[in-house]
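First up is the structure itself, then whatever we jot down about it.
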Amino acid sequence: MFNNCGKKLKVLAYVIFALETLSGLIGGWSVHEASYHTETLGIIIMILSPLLGWLSSIVIYTIGDIWEGLSNVCDFLRESKKSKKSDASHQTSFSNTPVYYNNAPVINPWTCPNCGAKCNTKECDECGYRKQ
2 MFNNCGKKLK
12 VLAYVIFALE
22 TLSGLIGGWS
32 VHEASYHTET
42 LGIIIMILSP
52 LLGWLSSIVI
62 YTIGDIWEGL
72 SNVCDFLRES
82 KKSKKSDASH
92 QTSFSNTPVY
102 YNNAPVINPW
112 TCPNCGAKCN
122 TKECDECGYR
132 KQ
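Positions 2 to 133 (the numbering used here) are the ones given, in order, by the sequence shown.
Set out below in structure tokens:
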């Protein structure tokens, strides 16, 4: 029931569009033929019903498309987790490697006092010295 919901929503969008358009055309034609005074109203209903059907269906179709995309991403992530678990013997531990989270570019380049290299970031690329 809940498998492949995105595709089901897309199909539902087509069905709703067809039903709204058909019922609007039939209703507009019957209003048009009912009386001389309601001819214009019937024509307006026949023109607006496909437009309103399209607008309501495009929202449902878009939700279905987003749902399908998210399902594909979730499936990909599940598969990549499974493959990472099977490749656990090839993993390397980087727990002793220092991690710098703020290595944003510096507007003014500076010269490293340790090695004399010209640097554009807060950390020297040559020796690892961090500018305070």
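Glycine residues also receive a C-beta, built at the ideal position from the N, C-alpha and C atoms.
Return the chain-ordered list of same chain residues with a C-beta closer than 8 Å to the C-beta of residue 114, the five sequence neighbours on each side being excluded.
130
For residue 124, the residue or residues it bridges with in DSSP:
131
Got a sec? Which residues, its chain only, sit under 7 Å from residue 127 by beta carbon, not counting five neighbours each side?
113, 116 and 118
For residue 119, which beta-bridge partners are listed by DSSP?
112
Limits of the alpha helix (DSSP H) - the one that residue 22 falls within:
6 to 35
Taking only the alpha-carbon atoms, compute the straight-line gap between residue 74 and residue 36 and give it to the nearest angstrom.
56 Å
With three or more beta-carbon pairs closer than 8 Å as the criterion, would you say the segment 17 to 25 touches the segment 56 to 76?
yes
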